[in-house]
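I have placed the structure first, in the form of structure tokens, so that the comments after it can refer back to it.
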Ligand SMILES: [Zn+2]
Ligand SMILES: [Zn+2]
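In the working numbering, the protein residues as written are 11 to 387.
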């Protein structure tokens, strides 16, 4: 007994010290140094945070916003209502959203089924699947950030339908819904739209997230993404906004300066099972994040926005937690994050900025879109 008592005392002392140190760190002295490696539990890889290298904090600079306002309809836009696309197909005269099969699909059931066998260890297979485009609005000029919350809610409904319909097909192992936004990520047509790749394989990042979650559950009996949300709430510095059933935060392990995750608080393997109130909350929070992005530099904020949902290959993914990730390529209004030696060469990200500081910048932004402010003023 005596020995046991002594042992637990020994354990207790350092634990107390740790939590004290933690509290002090959280209260924060002004000169926090961010120079460390952070574990990305979903990708299971290290992120190097070397924020000490960038000594000048963002000073509030914005881009000169003198671009012409976009028209609501463009005659040669292949996404505007009633227009003819390259395939010869004509778009519906749609009034809310519009879904069609991509005219230049990267995967399709028309892809060659008989392939030349490669030599040695090499392998190939047919590029089977379905690629679709979803137009958010008939209005050419209206970005996702500017859609009314009800329209975003309606769009989430369309994503739910698409996920359910596509995942029901035997050949489809995963449904990746994503939006590429802005010229910085190679999109020249501003008409608001996203893409869907329903594929005969599970995308690598999803496979990693699913495996990491399963391993975490086997080891701890807890859901990985719930542990991430719990840690974010405990710290609090990286939360951008939240409501009753949804939360948005820049993760502790962010790889991009302004990376943001938007997630329902309850675990859903896909957005298909969100209840109506959860969908409404999620739409409201998504809108809030998008508006803050645009307000940051008073410009349309470029990003890659994937929906991370469970594979649909028949496995048990009940612990998978649906979320949206924003990967914005810009570090400053005119400064791209270049993927170079560490990222392309080595496969791990090097971040020059502290997620805590970038989250604070986003959190401080207004929830009223700057274009609305200037329209009224
Ligand atoms: Zn258009
Ligand atoms: Zn993810």
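Virtual Cβ for every residue (Gly too), placed ideally from N, Cα, C.
C-beta atoms of residue i and residue j nearer than 8 Å
i, j, result
"residue 263", "residue 242", "no"
"residue 315", "residue 214", "no"
"residue 194", "residue 346", "yes"
"residue 184", "residue 363", "no"
"residue 361", "residue 59", "yes"
"residue 248", "residue 55", "no"
"residue 332", "residue 318", "yes"
"residue 204", "residue 189", "yes"
"residue 62", "residue 45", "yes"
"residue 201", "residue 89", "yes"
"residue 220", "residue 320", "yes"
Distance cut-off 7 Å: residue i Cβ against heavy atoms of ligand 2
i, result
"residue 281", "no"
"residue 219", "yes"
"residue 226", "no"
"residue 335", "yes"
"residue 317", "no"
"residue 233", "no"
Nearest residue (CA-CA) to residue i, options the options
i, options, result
"residue 172", "151, 339, 155 and 145", "145"
"residue 110", "334, 143 and 376", "143"
"residue 118", "140, 97 and 105", "140"
"residue 369", "201, 270, 288 and 85", "270"
"residue 105", "149, 87, 121 and 127", "149"
"residue 381", "153, 181 and 124", "153"
"residue 222", "43, 53 and 42", "53"
"residue 277", "234, 250 and 252", "234"
"residue 338", "137, 356, 372 and 324", "372"
"residue 358", "266, 202 and 307", "266"
"residue 324", "177, 90, 261 and 47", "177"
"residue 311", "284, 246, 236 and 156", "156"
"residue 377", "288, 250, 261 and 334", "250"
"residue 170", "151, 284 and 344", "284"
Residue i CB to nearest heavy atom of ligand 1 below 7 Å
i, result
"residue 87", "yes"
"residue 94", "no"
"residue 62", "no"
"residue 204", "no"
"residue 90", "yes"
"residue 331", "no"
Validate contact between the segment 284 to 296 and the segment 155 to 170 using beta carbons, cut 8 Å, 3 pairs: Yes, they touch.
So, does the segment 338 to 357 touch the segment 202 to 219, judging by three or more C-beta pairs under 8 Å? No contact exists between the segment 338 to 357 and the segment 202 to 219.
Does the segment 95 to 108 come close enough to the segment 299 to 313 that 3 or more CB-CB pairs lie under 8 Å? Inter-segment contact for the segment 299 to 313 and the segment 95 to 108 is absent: fewer than three beta-carbon pairs are separated by less than 8 Å.
Enumerate, from N- to C-terminal direction, the unbroken beta strand (DSSP E) stretches of 3 or more residues contained entirely within the segment 303 to 341. Note on the segment 303 to 341: whole beta strand (DSSP E) runs with a minimum of 3 residues are 313 to 318 and 333 to 336, in chain order.
Whole alpha helix (DSSP H) elements within the segment 160 to 232, 4-residue minimum: The DSSP assignment places 214 to 230 as complete runs of the alpha helix (DSSP H) inside the segment 160 to 232, in order along the chain (cut-off: 4 residues).
List, from N- to C-terminal side, the beta strand (DSSP E) runs of 3 residues or more that fit wholly inside the segment 250 to 280. With a minimum length of 3 residues, the continuous beta strand (DSSP E) runs that stay inside the segment 250 to 280 are 256 to 259 and 270 to 274.
Curious, which full-length beta strand (DSSP E) runs of at least 3 residues does the segment 48 to 122 contain? The segment 48 to 122 contains these whole beta strand (DSSP E) runs: 55 to 60 and 108 to 111.
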